[in-house]
Each structure stands twice: as structure tokens, then as C-alpha cells.
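For the protein sequence lines, the chains are A and B, in the order given.
With the numbering used here, letter number 6 in the first sequence gets 6, and the count goes up by one each step, no holes.
Here the numbering used here = 1-based position in the second sequence + 1000.
What follows is a set of notes on a single structure, which appears directly below.
2 protein chains.
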Amino acid sequence: MANSMRKAPVPTLERLATYLTHLTELNTRGVDMISSADMETRTGINAAQFRKDLSYFGEFGRPGIGYNVEDLVRRIARILKVEREQRVLLVGAGNLGSAIAGYPGLRAQNFHIVAAFDNNFSKIGRRLWDLDIYDTAELVSRNAELQAKLAIIAVPANAAQGVADLLVEAQVKAILNFAPATLKLPPDVVVRNVDFVQELAVLSFHLAADNTEQETAGR
Amino acid sequence: MANSMRKAPVPTLERLATYLTHLTELNTRGVDMISSADMETRTGINAAQFRKDLSYFGEFGRPGIGYNVEDLVRRIARILKVEREQRVLLVGAGNLGSAIAGYPGLRAQNFHIVAAFDNNFSKIGRRLWDLDIYDTAELVSRNAELQAKLAIIAVPANAAQGVADLLVEAQVKAILNFAPATLKLPPDVVVRNVDFVQELAVLSFHLAADNTEQETAGR
């Protein structure tokens, strides 16, 4: 792997995921070629930014001709390691867990939630969409078989660290955390936090009338 | 307002919101002073980054002594315009809308969801936690009275643009969008998109064994 690939900044990876969502849809509809200007129209991300983001990973597209959609889908999927199915554990089978498990875009990008866990005895043994809900206490033993490396935490804040510790013990290496809690994790486990309140606070800053010159908060 | 304030980059604003969450909790517990090193331990964000983020907005803290927690809460809340209650509309009263409306951190940061809207007749007229659920068709007329400037979209992708158009008509100026759709909005309306799949794709990139030198994806 080229050194430049390791150095790609996180915002570039976030944008690649956005490009991939749009390109996958275009590919499904049979669109062959696309220009960086078309991508700007679709994604709201500047065409120059699009070209720069791709440049971290080698040569793409041809000047004046554009980009082959199918090729771009395949290459971005490979960069993001989503070209093969990724198994995902979901911990928390409440409203949020249910919304996540039912999110239509997951399967389109090869994310497959393979099991849901909850510590509420009224939920254990029931189904969440097409998933079995297991006792959180079984997380380590279940994942010895399931072998998922990715997990989503959708439990209340006070339960999040306990769940994270179990996930680490279960050899999970990447966590998407929806709980408003800062998780302590070993250095080989990566985490991304989705914080609704943080998002609203950033929007709130942009609401003030005297901030209209600020660049937009869109991403 | 100082020009430097308008120039604060979005990631700085995101981190300010994270600091505020932690500082509010410390303040509630009666903690008086905190060092940037303590903040690093709590938030996982580098102490130098913390000091730099604050420096956009003037002088804070004293070398060797630290930061007064209550003062910092007040000043960051003022920067983010969350020192007063912000009224928020919620569109979509399904699992995701329910999870959002029940999110405990919203009230702590002065975000007040004042009404929920849905176009499903089995939901209209019922309650979502302590909220009335109104018909989405009434959004513009209801907000003439409610006067919310912030809204959250928690509807399926194919309904999102229609809802966004209504929100614009209702004079909403900032939208937190959970639908996997790119919204077309006038330039005076800011949007932030929460995209679960994008977050998972970034984590997926970091999962590969040969990427362990990559900086962590945490934020």
C-alpha cells in the first residue's frame, strides 16, 4: 500500500464515503460516465475537492472525458474496504437500535448487522427486524463464532463503557458510538462518536444573523 | 463580533460542543477549575488542540492555574449560541424520531423540541414522549406560532426533500438531516448530515491491519 494512502485525512475518507453512496446509486441506474462538476451538483462538495480527494489514491478519470462510474465505485469501495461484506454487531435494541437496524443504506454498502444485543430481559429472545436479540452478557461468546470486527453502540450513556469493554474483549476493532459518553479504549480500537447535541450546537452557531459570511456547515 | 470568530473552522465548533458537554457535567458536580491536561483525559482531544480552539475566541484560563469551569461553560455556550433555549422542530416520529426526542442530552444543552410532525395518519394526534405529533402538512402554519429556527429531519430518504422545502417555507434556517439524501436548500439555510453508513465506511477503512499507523478516527 502506498504511503500516501495511509496519510489520507479523515475528512477525505468521510467524503469518499459520500461519493460512494452517490456513485453506487448512479451505477445501479446504469450511468456510465460522470464529470467532477456533475459530482459537485449531486454531493454539494466542490469539484476541485473531489479531484483532490481522489488524488490521494492514484490516477482516476481522464481530463475532458470524466470518470467511469463503475470503475470509481469499485476503486473507492476497495479503498474504504467495503467491497466485501462487513459483519457488524449492534448493542442496544431500543428505539435508536431499531432505527439503525432498519436503515436502508447499510446493506447497499455491504454492512451486515449479524446480531443485536440488549440487557433488557423483555427484549432478549425477541426479534429486531430480521435479527435475533441476545443477552449482552453473551456478547463475547457469540462473537467468538460471528467474528465481527465492527460494532455499533446504541445504549444509554451510563451503560456505554461497560459495553465497550465487552466489545474489546470480543475482539471488535472499530466502534460507532451513539451514546453521549467518551469511551476509554485500547489504542488498536478506533471509535467514531455520533453526537446529536454536538451537531445541533454547530448549527446553532450558524443560526446567528451576523454569521452569514461563515462557510456552510454542510458536509 | 471579531472577524476571527467568523473564521473559526467547523471542526473547532464541533470540538467546542464536545468541551461544553463535559464542562457542563463538571459544573453540575461543583468542580471549580480544570487544566487543559484534565480536558484531554476527559475528551480524548489533545490539550494543545483545546488551547488552540479556545484561542479563536479570545483569552481563556491562566497559565499554571487553569480554567474556571463555570466561566468556560458560559463563554462557550455564548459562542455556540446555546446560552438561551433553542426551539427545535422534529419531522418524523418513527423509531429514529422517537430516539432523538428521548435523547437526554438535548435539554441539558438548551435544545427544546417543541413539536413533532409525521405524515402517517396512525401517528398524527398521538404523543411522542411529551410531544404532540402534528400532520406534516401543518408544518408551516404551526411554525408561524412556534417560531423555531432549527429542525431535525428523521424521515425516509424519499420524503426528505419535500420536508426540507416545507421547513424552508416555515422560515427554518438550520437543519440536522438524518435522511440519507442530499438536500437542495437556499444559501441562507445551513444543513448538517448525519450519515451512519458514512461513519461505518470510515471505520471500515481503519479496520485493515496495514492501516494501524493511521491516526485514529476518533473525534
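Glycine residues also receive a C-beta, built at the ideal position from the N, C-alpha and C atoms.
This one's a predicted model, so the numbers in the text were calculated from it and none came from an experiment.
Residues of the stretch 164-186 of chain A with a C-beta atom less than 9 Å from some C-beta of chain B are K173, A174, I175, L176, F178, P180, T182, L183, K184, L185, listed in chain order.
At a cut-off of 8 Å, the C-beta of Y103 (chain A) has a neighbouring C-beta in chain B. With a cutoff of 8 Å on beta-carbon distance, I1152 (chain B) and I1100 (chain B) are scored as near each other. Proximity of A47 (chain A) to chain B, defined by a Cβ-Cβ separation below 8 Å, is not satisfied.
Checking the DSSP bridge columns, you'll see H1112 (chain B) partnered with B:R1087. Just measuring C-alpha positions, the residue of B:P1156, B:N1177, B:Y1019, B:G1162 sitting nearest G1094 (chain B) is B:P1156. Annotation for D132 (chain A): no alpha helix (DSSP H) segment contains it, though the beta strand (DSSP E) segment containing it runs 131-135.
Contact of L200 (chain A) with chain B by beta-carbon distance below 9 Å involves A1017, V1082, Q1086, V1088, L1106, Q1109, F1111, L1150, I1152, A1174, L1176, R1192.
Contact with chain A is absent for L1023 (chain B), since none of that chain's Cβ atoms lies less than 8 Å from the residue's Cβ. A48 (chain A) is bridged by DSSP to nothing; it lacks a bridge partner. L1150 (chain B) is positioned such that its CB atom lies no closer than 8 Å to that of V1191 (chain B).
Burial state of S1122 (chain B) is exposed, judged by a 10 Å Cβ sphere holding fewer than 16 other Cβ atoms. Taking a C-beta cut-off of 8 Å against chain A, the contacting residues of the stretch 1028-1044 of chain B are R1042, T1043, G1044, listed in chain order. Counting only runs of 3 or more residues that sit fully inside the stretch 169-195 of chain A, the beta strand (DSSP E) segments are 174-177, 190-193, in chain order. Sequence-distant Cβ neighbours of Q49 (chain A) in its own chain, meaning closer than 8 Å and more than five residues away, are R15. Per the coordinates, the alpha-carbon of Q109 (chain A) lies some 11 Å from the alpha-carbon of E25 (chain A). Under the three-state reduction of DSSP, Y67 (chain A) is assigned to strand. The beta carbons of A1159 (chain B) and L1183 (chain B) sit no closer together than 8 Å. Under the 10 Å beta carbon count, D188 (chain A) is surrounded by fewer than 16 other beta carbons and is classified as exposed.
DSSP lists B:L1089, B:I1175 as the beta-bridge partner residues of A1151 (chain B).
Secondary structure at L1080 (chain B): coil, using DSSP grouped into helix, strand and coil. In chain order, V91, I153, V155 place their CB closer than 6 Å to the CB of V163 (chain A), counting only its own chain and leaving out the 5 sequence neighbours on each side. The residue among A:E145, A:N120, A:G61, A:M39 with its C-alpha nearest the C-alpha of D135 (chain A) is A:N120.
When DSSP states are grouped into helix, strand and coil, I1100 (chain B) belongs to the helix group.
Residue burial is scored here from C-beta neighbours: V31 (chain A) has fewer than 16 other C-beta atoms within 10 angstroms and is therefore classed as exposed. Chain B has a Cβ within less than 8 Å of the Cβ of I100 (chain A). Under the three-state reduction of DSSP output, F1117 (chain B) falls in the strand class. The stretch 199-206 of chain A and the stretch 1172-1180 of chain B touch, with no fewer than 3 CB-CB distances between them shorter than 8 Å.
No Cβ-Cβ contact shorter than 8 Å links L131 (chain A) with A148 (chain A). In this structure, B:A1008 is the residue among B:A1008, B:L1203, B:Y1019, B:F1205 with its C-alpha nearest to the C-alpha of G1058 (chain B). Taking every protein chain shown into account, the CB of H1112 (chain B) has fewer than 16 other CB atoms within 10 angstroms, so this residue is exposed. Scanning its chain for C-beta atoms nearer than 7 Å, with the 5 sequence neighbours on each side dropped, one finds around R126 (chain A) the residues I133, in chain order. The DSSP-derived three-state label of R1075 (chain B) is helix.
The Cβ atoms of S1098 (chain B) and L1128 (chain B) sit closer than 8 Å to each other.
At a cut-off of 8 Å between beta-carbon atoms, V197 (chain A) makes contact with chain B. For Y19 (chain A), the enclosing alpha helix (DSSP H) has its first and last residue at 10-28.
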